[in-house]
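To get our numbering, take the position in the sequence shown, counting from 1, and add 11.
Scroll down for the structure; my scribbles are underneath it.
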Amino acid sequence: MNRFLILLTMLLLSANAIAADPSPKPGVDSLRRFFNEVNSFSARFTQVVLDENKNPIQESSGTLWIERPNKFRWNYDTPYKQQIVADGKRIWVYDVGLQQVTVRSLNGSLGDTPAMLLAGKGRLDDSFAIKALDSEDNIEWVR
Numbered sequence: 012m013n014r015f016l017i018l019l020t021m022l023l024l025s026a027n028a029i030a031a032d033p034s035p036k037p038g039v040d041s042l043r044r045f046f047n048e049v050n051s052f053s054a055r056f057t058q059v060v061l062d063e064n065k066n067p068i069q070e071s072s073g074t075l076w077i078e079r080p081n082k083f084r085w086n087y088d089t090p091y092k093q094q095i096v097a098d099g100k101r102i103w104v105y106d107v108g109l110q111q112v113t114v115r116s117l118n119g120s121l122g123d124t125p126a127m128l129l130a131g132k133g134r135l136d137d138s139f140a141i142k143a144l145d146s147e148d149n150i151e152w153v154r
């Protein structure tokens, strides 16, 4: 029995040693630092939706403004004008073409989405598996 426990312990320790990658990952570290330290920002974005074969089926673009925690504004310019605004308690989704607004409680509306991470103080590693990819042209890629 003791031999079995010793063997099991050695296997578990060696598996952890293999799984632990001591090499530095500047892209992953920068991404974690961004989510932990940045309180507000704005950006232009392009969002591409892919089908199961990774072919683009829809492309959207616009501007976003974020003030953590839980305050943001997303303005979609293409393909349809839409505004999504959150004040920390509620979220408004306004469809400009339909002149229709939907209001919901912010709690639970975002779930485990990138929007929740961008707007909140959620832990990146709790919701996503982060992996460093090869760098290219001085850009650190992360998946």
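Cβ coordinates follow ideal geometry from the N, Cα and C atoms, glycine included.
In this structure, how does DSSP classify residue 62 when only helix, strand and coil are distinguished?
Here residue 62 sits in coil by DSSP.
So, using beta-carbon positions, are residue 130 and residue 79 closer together than 8 Å?
For residue 130 and residue 79, yes; Cβs fall inside 8 Å.
Going straight from the alpha carbon of residue 112 to that of residue 98, what length do you get?
Their Cα atoms are separated by approximately 15 Å.
Spatial neighbours of residue 57 within its chain, please: C-beta separation below 7 Å, excluding the five flanking residues on both sides.
Cβ neighbours of residue 57 beyond the five flanking positions: 70 and 72.
Three-state class that DSSP yields for residue 142 in the structure shown:
If DSSP states are grouped into helix, strand and coil, residue 142 belongs with coil.
What residue from 118, 43, 59 and 94 has the CA that sits closest to residue 110's CA?
Among 118, 43, 59 and 94, the Cα nearest to that of residue 110 belongs to 94.
Which residues mark the beginning and the end of the alpha helix (DSSP H) in which residue 41 is found?
Boundaries of the alpha helix (DSSP H) harbouring residue 41: 37-48, taken from the DSSP string.
Nearest to residue 138 by CA position, among 127, 59 and 144, is which residue?
Nearest option by C-alpha distance: 127.
Could I get the ranges of all uninterrupted beta strand (DSSP E) runs contained in the segment 60-99, with 3 residues as the minimum, in chain order?
Every beta strand (DSSP E) stretch that sits fully inside the segment 60-99 and reaches 3 residues is listed by chain position as 67-78, 82-89 and 93-98.
Alpha-carbon to alpha-carbon, residue 42 and residue 92:
Linking residue 92 to residue 42 through their CA atoms gives a straight-line distance of about 30 Å.
Can you name the residues that DSSP bridges to residue 101?
Per DSSP, 116.
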